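Participant: Numbering (my numbering), first residue to last: 2 to 221.
Quick one: this structure, given as structure tokens, is what I'll be asking you about.
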Amino acid sequence: MKTTFSIALDGPSGSGKSTIAKTLSKKLNILYLDTGAMYRATAIKAIKLGIDTFDEAGVKTFIDDIDLQIKYVDGTQRTYLDGEDVSEKIREPHVSMAASNISSLKPVRLKMVEMQRKIAGSMSCVLDGRDIGSYVLPNADYKFYITASVKVRTDRRYLELKEKGHEVDYDELYKEIEQRDYNDRNRDFAPLVQADDAILIDTSDMTVPEVIEAVMNYIK
Ligand code: DC
2 MKTTFSIALD
12 GPSGSGKSTI
22 AKTLSKKLNI
32 LYLDTGAMYR
42 ATAIKAIKLG
52 IDTFDEAGVK
62 TFIDDIDLQI
72 KYVDGTQRTY
82 LDGEDVSEKI
92 REPHVSMAAS
102 NISSLKPVRL
112 KMVEMQRKIA
122 GSMSCVLDGR
132 DIGSYVLPNA
142 DYKFYITASV
152 KVRTDRRYLE
162 LKEKGHEVDY
172 DELYKEIEQR
182 DYNDRNRDFA
192 PLVQADDAIL
202 IDTSDMTVPE
212 VIEAVMNYIK
């Protein structure tokens, strides 16, 4: 008998996936795996080594042996690279584009997916990303595709970065989000797509509690 279950949350940057995933993990008492954090940490590794984030041959020199660990401290994911806690560093604005670039490389995706499947296979969890329902866990018990307009997603990200004290130019941020969407949707291997059996939720005009309620209604 199957004793664990999984929830896949996919969608573009800033659609609200991580907020939903965090809430679901608390409500359902299951693990939350933020898969974007893994691509972000991989980007930091390349930057550290001075390897361009589009350089597949360069990335191949370290990806198989990358020392990337996901740990849970009081139920919250912490991301470790080479033994260092990089959970805050991976959120720095310059890392977002680097992660988007490096995530287009097949050797990177194969390695990350292998790690994600291992974690998801051992316990019930909610995963957020771009390819969870379409590639990582095609048999996930529940699949949602969470989206919102580029404008709403830029507004949210702008406020979030401002609150953290980052200097941000709104128009640049808007363009960056469009560029990341393009990268995520147009890469050759496991691009961002709505899985055929995923439920679409457009959060543009919804509050967080409304989105949670909509998702929970399906899960019940
Ligand atoms: O969700 P995020 O913004 O933290 O993700 C960072 C980058 O990683 C994003 O631009 C696309 C990539 N990513 C991916 O390709 N596949 C995933 N499952 C998660 C993230």
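Ideal Cβ positions, reconstructed from N, Cα and C, are used throughout, including at glycine.
Since we're looking at a predicted model, the values are computed, not measured.
Which residue's Cα is closest to the Cα of S135: N184, K107, D197?
Facilitator: Among N184, K107, D197, the Cα nearest to that of S135 belongs to D197.
Participant: Could you have a look at I103 and say whether DSSP puts it in helix, strand or coil?
Facilitator: In the structure shown, I103 sits in a helix (DSSP, three-state: H, G or I).
Participant: Please identify the residue among D156, L34, E214 whose C-alpha is closest to the C-alpha of E173.
Facilitator: The candidate whose alpha carbon is nearest that of E173 is D156.
Participant: Return yes when the C-beta of Y40 is under 7 angstroms from any heavy atom of the ligand DC, and no when it is not.
Facilitator: Yes, the beta carbon of Y40 sits closer than 7 angstroms to at least one heavy atom of the ligand DC.
Participant: Y183: buried (16+ other C-beta within 10 angstroms of its C-beta) or exposed?
Facilitator: Exposed is the call here.
Participant: Can you check whether the CB of L10 is closer than 8 angstroms to the CB of I147?
Facilitator: Yes.
Participant: What is the DSSP secondary structure of K46, counted as helix, strand or coil?
Facilitator: Three-state result, K46: helix.
Participant: Measuring straight from C-alpha to C-alpha, what distance separates Y171 and K165?
Facilitator: Looking at the two C-alpha atoms, the distance is approximately 15 angstroms.
Participant: Just the C-alpha distance for K221 and L29, rounded to the nearest angstrom, thanks.
Facilitator: For K221 and L29, the distance between alpha carbons rounds to 11 angstroms.
Participant: Which stretch, first to last residue, makes up the alpha helix (DSSP H) that contains Y159?
Facilitator: Run containing Y159: 151-164, per the alpha helix (DSSP H) assignment.
Participant: Would DSSP call S7 helix, strand or coil?
Facilitator: In the structure shown, S7 sits in a strand (DSSP, three-state: E or B).
Participant: Would you grab the beta carbon distance between N102 and F55 for me? Rounded to a whole angstrom, and I think it's under 8 angstroms.
Facilitator: N102 to F55, Cβ: 5 angstroms. Contact.
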